[in-house]
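Heads up: the structure comes next, in structure tokens.
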Amino acid sequence: MTRTAFLTTTGLVLGLAVITTSCNKKQDVVKPKGEIEIFEFCTGDKYNSDSKHFRSTATGESQDREIAKKKARSTAESRIARTVSATIQAVTDNYVASTEFNNREEATESFNELARTVVDQELRGAIVICEKLTQRENGIYVSYVALELSGEKFASKYNEKISEDERIMAEYNYERFKETFQEEMEKLGN
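Per this note's numbering, the very first residue in the sequence shown carries number 1493; after that it's consecutive.
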């Protein structure tokens, strides 16, 4: 057999082997018994709070689509309010501890009271960054929502409210407060 004939024959045999083995019927991947993959809308890392934004997600269920949406929005607002309040509490504690306020307890209470007011006002302006509505076979609507509130915008509005309080303004240092606020926001991103 000549070298050319040998190479041609070898090539044909290898080609047939590849074709016949790759044409086998595909085997289905066996799913684990008792487990179903669940997909949730408006969730994941991009919907978590970070160093620049407060974020929150929620779902709401109802036979009425508008009620499902209201439930989701209300729950998301409640969650974002708790996150903002906890952050402001930490900022206030750290800020007041690092300053020379005469009555620290009164100053802390004033800061917290102002924070509640600003949170209530700013939640109305929270941006919807994700919203999905589904309906189950049984007719129940499920609303998924993710809200976002700018940390910088919140700090600015908070500063406006503080500047209206003469008791606090006497000893208030915005730059130090903003620095303390940014430190707490950085912790949200971790």
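C-beta: ideal position from N, C-alpha, C; glycine also.
Need the endpoints of the alpha helix (DSSP H) that residue i sits in, please.
{"i": "residue 1654", "result": "1643-1655"}
{"i": "residue 1668", "result": "1666-1680"}
Go to residue i, then tell me how far its beta strand (DSSP E) extends in each direction, as first and last residue.
{"i": "residue 1531", "result": "Element bounds for residue 1531: n/a, residue is neither H nor E."}
{"i": "residue 1547", "result": "1545-1554"}
Which residue's Cα is closest to the Cα of residue i: the options?
{"i": "residue 1668", "options": "1531, 1570, 1588", "result": "1588"}
{"i": "residue 1662", "options": "1593, 1585, 1561", "result": "1593"}
{"i": "residue 1556", "options": "1681, 1628, 1574", "result": "1628"}
{"i": "residue 1560", "options": "1584, 1633, 1537", "result": "1633"}
{"i": "residue 1650", "options": "1571, 1612, 1596, 1567", "result": "1612"}
{"i": "residue 1623", "options": "1530, 1673, 1568, 1676", "result": "1568"}
{"i": "residue 1666", "options": "1536, 1621, 1538, 1648", "result": "1648"}
{"i": "residue 1535", "options": "1674, 1635, 1646", "result": "1635"}
{"i": "residue 1573", "options": "1549, 1532, 1679", "result": "1549"}
When DSSP labels each residue in this structure, what does residue i get in the three-state scheme?
{"i": "residue 1573", "result": "helix"}
{"i": "residue 1741", "result": "It is not possible to answer for residue 1741, since the shown part of the chain is limited to 1493 through 1682."}
{"i": "residue 1662", "result": "coil"}
{"i": "residue 1609", "result": "helix"}
{"i": "residue 1591", "result": "coil"}
{"i": "residue 1558", "result": "helix"}
{"i": "residue 1621", "result": "strand"}
{"i": "residue 1602", "result": "helix"}
{"i": "residue 1635", "result": "strand"}
{"i": "residue 1629", "result": "coil"}
Original post:
Is the segment 1582-1602 touching the segment 1611-1618, taking contact as three or more C-beta pairs under 8 Å?
Top reply: no
Original post:
How do the segment 1638-1647 and the segment 1527-1546 stand: do at least 3 beta-carbon pairs fall below 8 Å, yes or no?
Top reply: yes
**OP:** Say whether the segment 1652-1662 touches the segment 1565-1585, bearing in mind that this needs 3 or more beta-carbon pairs closer than 8 Å, one atom from each stretch.
**Re:** no
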